[in-house]
Structures are given as C-alpha cells and as structure tokens.
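This is the structure:
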C-alpha cells in the first residue's frame, strides 16, 4: 500500500479554493442528468501534441510513504512536487496520465517519459479516470464539468451534473457497467455505460443521484467485483453503497464519541481489497485504516505520517 500525506487543494466552495477560468464563448445545450435541468456545455479547444520531460509525482502531495499492509512499518519516500492533482499508470497500459492543478491534462509514454498529448480544458482539473477499454479518459474539473475524451479519435463530450460545483472524483467499475462522480455538494451521480467496444463510442445513460453526504464528497471508488461503490467525504465518513439498487450498506466513520474531542478531519480516499471484502481509507488524522466492508469494523490502523493522509494506492495480490 502506498499512502501520501500533506496538503491538498480544497474543493470549490471551501475558503481555500482557487477559482477556475471563465467559460469559453459559444455553448450548446445537453441533458446532463434527469435530476438536474439541462445545462450549457462548452465546446472544447483542440488538444495540442507536445513533448515534455515527465516529472515524477504522487497524488499532488509533498511526501509519499510505502506501508506494509501486514504490519505497521513504513518506508520513507522522497519529496515530490505539489503541482499534480491526480494520475496513475493504468493496468496493462504503456502510458501514464497526469492531471494538473492548472487546466492541461498530460498523457505520457512510460517507456521514454515523454509527454504524448495534452488535453486542454477551461478550469483546473481535479480527477481523471481511464475507461477499462483504455481508449477513453474521463476528466472532472472545478467548474463542474465532466469531459469524456476519446484517445483514438480525439472526440470529446461534456456532462455538467451541477454547474459551478466542483467535480472531485470520477470512477468507472471494472465491468464498465457504471460511471460515478462526486462533487462538493456531497452528491454522487451514477450513469449506466453502453458501447465503448471497438470503434463504438461509450454512451452514458443517467442512472441515479445519491445525496451521499452533507459536506464535500471527495472520492468515489467501485469495488473490484463491481457490486459496491464507496464514497468519502469531509463529513468524516466513508459510505459503501450496493450497486444493485444503490442503497446504503455500511457507513465507516472516524467521528469521535467524546464530546470534548475535536474533529478528526476529513476522509480523503479509499481503496478496496482484491476480494472486495475489505477497504482501506485515508484521513486527516494522519492514519490509514483497514475496515471490514460488511461489519464496518476497523481491523488495523497504519500510523507514521505527521500530516493528513490524503491519498493511497492498495494492492493485496499475492506475488510469485
């Protein structure tokens, strides 16, 4: 498991939030979701092809730490740059994706560490997710827009679930049946996915809107078996929903029962185990926790950071 601690950009609406650029001129109306009115969709400028040296970053925070999931020790990581919002190396893919706090989205070829493409948007980028078909990128920004970028054709579309409400996380389940997005209103939007095979473009069909949290929703993740959806929030909880009907299954909370104790902070990130029976969370109280999904019981706490743990990556597969 890799966990990172440090400062992180605040969602839109927070006093520390940095506003994005103004919308581009010209717009067309598209239905975003049945639970909201159709909104204006901004046309997207063509991306540019550039070559640029890749810098190594992890989760937009200044220090990474590798934790042994079977124990409580850690390996100290090097200082890393603060400019990156999110990114990753998709499984089986020879490229890396980097989302910057400034608008461009960069695609790198991992072999030579050169930037292959840049996708320009009109607001700071919060999150990016690669479709399991490895041909489409889903990008969420601080203006409330979700961009679907086809890497093969350069075609892109936009959804705006809630205008001017920052999209903080997007995720597609491994079966490519659902896409989820959470925003600073605490809402989680879910779409059914169709197509996306061969030359067919992925179609998004609105499924449901979940009023998941009363404060900022910061992260959403589907389980490996596609039966569960987890959402993390500034309300100090991680909630787990059944994808069969998107009802609440379990609420994981770090809220203190002691009235005299101050808030333990936000629940920033989460990751399921390979069998979908456990989940690891990262929170502002400097801890990562391993939970049982079914019972909500804390199985282990991982300590060692001196600042908030704001993101993590978890792999419990057996090697060898």
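In the numbering used here, the protein residues as written are 42 to 361.
Built from N, CA and C at the ideal position, the CB exists for glycine as well.
- Its chain contains 227, 276 as the residues whose beta carbon lies nearer than 7 Å to that of residue 255, once the 5 sequence neighbours on both sides are disregarded; these appear in chain order.
- In this structure, 243 is the residue among 164, 243, 186, 354 with its C-alpha nearest to the C-alpha of residue 218.
- In the DSSP assignment, residue 257 falls outside any beta strand (DSSP E) and carries neither an H nor an E.
- Closest by C-alpha distance to residue 296, out of 259, 288, 289, 307, is 307.
- Just so you know, the alpha carbons of residue 347 and residue 355 end up roughly 20 Å apart.
- Beta-bridge partners assigned by DSSP to residue 247: 232.
- Note: residue 313 is bridge-paired with 320 in the DSSP secondary-structure output.
- Contact between the region 230 to 243 and the region 298 to 312 is absent, with fewer than three C-beta pairs closer than 8 Å.
- Taking a C-beta distance under 8 Å as the contact criterion, residue 310 and residue 269 do not qualify as a contact pair.
- Taking the CA atoms as reference points, residue 155 sits about 23 Å from residue 196.
- For residue 209, the uninterrupted beta strand (DSSP E) run begins and ends at 208 to 213, by DSSP.
- A residue is called buried when at least 16 other Cβ atoms come within 10 angstroms of its Cβ; residue 181 meets this threshold and is buried.
- Taken through DSSP and simplified to helix, strand or coil, residue 307 comes out as coil.
- Residue state for residue 180 is assigned as strand, using DSSP reduced to three classes.
- When DSSP states are grouped into helix, strand and coil, residue 167 belongs to the strand group.
- Counting of Cβ neighbours within 10 angstroms places residue 185 among the buried residues, the total reaching 16 or more.
- Each residue's CA atom was taken as its position, placing residue 316 and residue 266 some 7 Å apart.
- By alpha-carbon distance to residue 183, the top candidate from 330, 169, 215, 334 is 169.
- The three-state reading of DSSP puts residue 172 in coil, since its state is none of H, G, I, E or B.
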